[in-house]
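Sequence lines, in order, name chains C and Y.
Letter 131 of the first sequence, counting from 1, is numbered 131 in this note's numbering, and no numbers are missing.
Letter 279 of the second sequence, counting from 1, is numbered 279 in this note's numbering, and no numbers are missing.
Just so it is clear, CB atoms sit at the ideal spot from N, CA and C, and this is done for glycine as well.
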Amino acid sequence: MSPSISLTLNGAKRDVALDDPRVTLLDLLRERLALPGTKKGCDRGQCGACTVLVNGRRVNSCLTLAATLDGAEITTIEGLAAGDDLHPVQAAFIENDAFQCGYCTPGQIMSAVGLIAEDRAGEDLERIREGMSGNICRCAAYHGITLAVRQATRGSAGIKKDDAA
Amino acid sequence: MKRFEFIQPTSLDEALAAWEPGAAWLGGGTNLVDLMKTGAMQPVKVIDITRLPGLAEIETLAEGGVRIGALVRNSDLANDADIASRFPMVSEALLAGASGQLRNAATVGGNLMQRTRCAYFQDPQAACNRRDPGAGCDAREAGAGQAVLGWSEICIATNPSDFCVPLAALDAIVEVRGPDGAREIPMAEFHLLPGDTPERETALSPGELIVALRLPPEAEGFAANARYLKVRDRTSYAFAMTSAAAALRIENGRIAEARLALGAVAATPWRVTEAEALLAGQTPDAALFARAAEAALAGATPSGDNAWKIDLARRTAIRALEMAAAGTPAQMPALPASPFGSTAGDLAHA
Ligand SMILES: Cc1cc2nc3c(=O)[nH]c(=O)nc-3n(C[C@H](O)[C@H](O)[C@H](O)COP(=O)(O)OP(=O)(O)OC[C@H]3O[C@@H](n4cnc5c(N)ncnc54)[C@H](O)[C@@H]3O)c2cc1C
Ligand code: SF4
Ligand code: FES
Ligand code: FES
């Protein structure tokens, strides 16, 4: 059987024919859908470089079989910015020097977007570090990452308040 | 990865009918897909159970206690306000496991069924009696973090689950459905020690599926004094070297009833009823906890170069009992289950 799945990928509907059920979401994005922003570090759930949002929740795309995702909504790093306007988490990463080589960065940013949506860490640095522990940074840019996530969390709290008003 | 047939049933009956020897249920895939990549698991058919209806609910039961569907994600269970207040060490253990991303995918059933992290089990190039009965055990030569309780000459691997440790302490019940109907398995009988058959890891029969987990009403009696403590190589996103779930029901300054289970020391979560009996009726203090921990590890023996683990497990048990006696914190600590955890965040490492 060759499962065929339909996805909403970064806001656009996509029908994808899968000739092989072994394909992970990570390989689907990088090798077949020309979206190489999502990175492959370990391919085993141990580094977080492959983090994307599935139905709004952050997951490791390397351990997700694409065949399971019929009907899912996927957001990758390519889908965050609105044209030239960076997503607030992307902007906060730049302002806080939250990367060096940049390899882990798409995964860090997607994980931070997921963490902020979970709304559990708040602006507490220890909780942010714990919440971001599924993303390893070989360059050890952790200090900047933590501050960037705090700044973006502050920004999103502001946005929420404005929405409510 | 070996090729497999993939199916996605939408009813429990359809899923049970689809099972055949060599098939595997797929929950979040965080363990199965990983082991399919290394080649340690090679199912001929993968049955995705995540579309089965009605298995993702958390229900409070009329007679007390709670029923948790097998497809509830680890993060949703851990962050459920009711679970966190009634069964705090269950939440704390879940939040101490894996990462935010992995917990979003991992299911209750998959967590119970996750395989050992023994590196030789994961690597098909290594000899492993658990993966390939009769092949031998490369961990005997080189394994360091292996079991100190309940191990056999055939296999010295440990069960890596954090979640299962408080479940064992709280007498959870596993609800199962299979070709021959429904049955229930007490947590104490769910995981099996290796003996001569390390390939038999749980009491599930072929084709059986976990549909839910129940925590009995009595488990709620410990909410005020229950902690999970996990000692690991790094503060977060690492498996336990040792862990302990400790729960006390304290009445008038005395321990009316105690529960204690250890993690990462055996092929099963390790409940220590001898230590519990010793704690019951006593006034909580350091000397009592030391005696209880002594009793908990009385039968431990190194399975290799890991005598350190016996001492570490003893000290983990003592600290977990001290933390439980001090009371369940009002808010989940910033670093769940950590010996370095603070309830409020702090700037120590900022
Ligand atoms: C990098 C990394 C770090 C981790 N760290 C920790 C940690 O610190 N602590 C910890 O406890 N865990 C940790 N884990 C393990 C994680 O908790 C498990 O992988 C997860 O709980 C498995 O759940 P799943 O739904 O993804 O299972 P799957 O991968 O889908 O399945 C696992 C096994 O269970 C079987 N199965 C699944 N559902 C059922 C069911 N309903 N009935 C019967 N059988 C079923 C499958 O066939 C398979 O054999 C870590 C994992 C990774 C990759
Ligand atoms: S300890 Fe057990 S799981 Fe590890 S290699 Fe030996 S037999 Fe296999
Ligand atoms: S590539 Fe997925 S976690 Fe490392
Ligand atoms: S910036 Fe280089 S790995 Fe994180």
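- L26/Y has its CB nearer than 8 Å to a heavy atom of ligand 1.
- Annotation: G131/C is outside any beta strand (DSSP E); the continuous alpha helix (DSSP H) that includes it extends over L125 to G131.
- With a cut-off of 8 Å, the C-beta of V90/Y is classified as distant from ligand 1, since no heavy atom of the ligand falls inside that distance.
- Taking a C-beta distance under 9 Å as the contact criterion, L80/C and V59/C do not qualify as a contact pair.
- Taking all protein chains shown into account, T38/C has 16 or more neighbouring C-beta atoms within 10 Å of its C-beta and is therefore buried.
- The C-alpha of D311/Y is placed about 12 Å away from the C-alpha of A290/Y.
- In the three-state DSSP reduction, K2/Y falls in the coil class, being neither helix nor strand.
- Distance from the CA atom of L35/C to the CA atom of C137/C, rounded to whole angstroms, is 21 Å.
- Contact between A245/Y and P166/Y holds: CB atoms are separated by about 4 Å, below the 8 Å threshold.
- For D48/Y, the uninterrupted beta strand (DSSP E) segment begins and ends at K45 to D48.
- Taking a contact as a CB-CB distance under 8 Å, the pair A264/Y and P160/Y counts as one, their CB atoms being some 7 Å apart.
- For D162/Y, no Cβ of chain C is located within less than 9 Å of the residue's own Cβ.
- Residue pairing for D15/C: DSSP places it in a beta bridge opposite S6/C.
- Looking at the DSSP output, K230/Y shares a beta bridge with S243/Y.
- Any heavy atom of ligand 3 counts here; residues with a Cβ closer than 6 Å to one of them, in chain order, are K40/C, G41/C, C42/C, D43/C, G45/C, Q46/C, C47/C, G48/C, A49/C, C50/C, N60/C and C62/C.
- The C-beta distance from M41/Y to A24/Y rounds to 7 Å, short enough to meet the 8 Å contact threshold.
- The residues G144, L147 and A148, in chain order, have a CB closer than 6 Å to that of N96/C in the same chain once the five nearest residues on each side in sequence are set aside.
- Contact of R32/C with chain Y is not assigned, every C-beta pair being separated by 9 Å or more.
- Look at the stretch 85 to 118 of chain Y: the residues with a C-beta under 8 Å from a C-beta of chain C are A98, S99, G100, Q101, L102, N104 and A105.
- From the beta-carbon of G54/Y, no residue of chain C is found nearer than 8 Å; the closest lies around 19 Å away.
- Under the three-state reduction of DSSP output, R319/Y falls in the helix class.
- Nearest neighbour of K37/Y by Cα position, chosen from A96/Y, F4/Y, Y228/Y and P186/Y, turns out to be F4/Y.
- Contact between L63/C and G65/Y does not hold, since their C-beta atoms are separated by about 32 Å, which reaches or exceeds 8 Å.
- When the five nearest sequence neighbours on each side are left out, the beta carbons in the same chain lying within less than 6 Å of the beta carbon of K309/Y are those of V148, in order along the chain.
- Just measuring C-alpha positions, the residue of M241/Y, Q282/Y and A240/Y sitting nearest G253/Y is Q282/Y.
- By alpha-carbon distance to S11/Y, the top candidate from L52/Y, Q146/Y and A188/Y is L52/Y.
- Using a Cβ-Cβ distance cut-off of 8 Å, the stretch 219 to 231 of chain Y and the stretch 75 to 82 of chain Y are not in contact, since fewer than three pairs of beta carbons, one from each stretch, lie closer than that value.
- Rounded to the nearest angstrom, the Cβ distance from C139/C to Q90/C is 18 Å, too far for a contact under 8 Å.
- Against chain Y, the CB of N60/C has a partner CB under 9 Å away; the residue lies at that interface.
- Listed in chain order, the beta strand (DSSP E) runs fully inside the stretch 63 to 124 of chain C are 73 to 75, counting runs of at least 3 residues.
- Nearest to S91/Y by C-alpha distance, out of G136/Y, A277/Y, G134/Y and C164/Y, is C164/Y.
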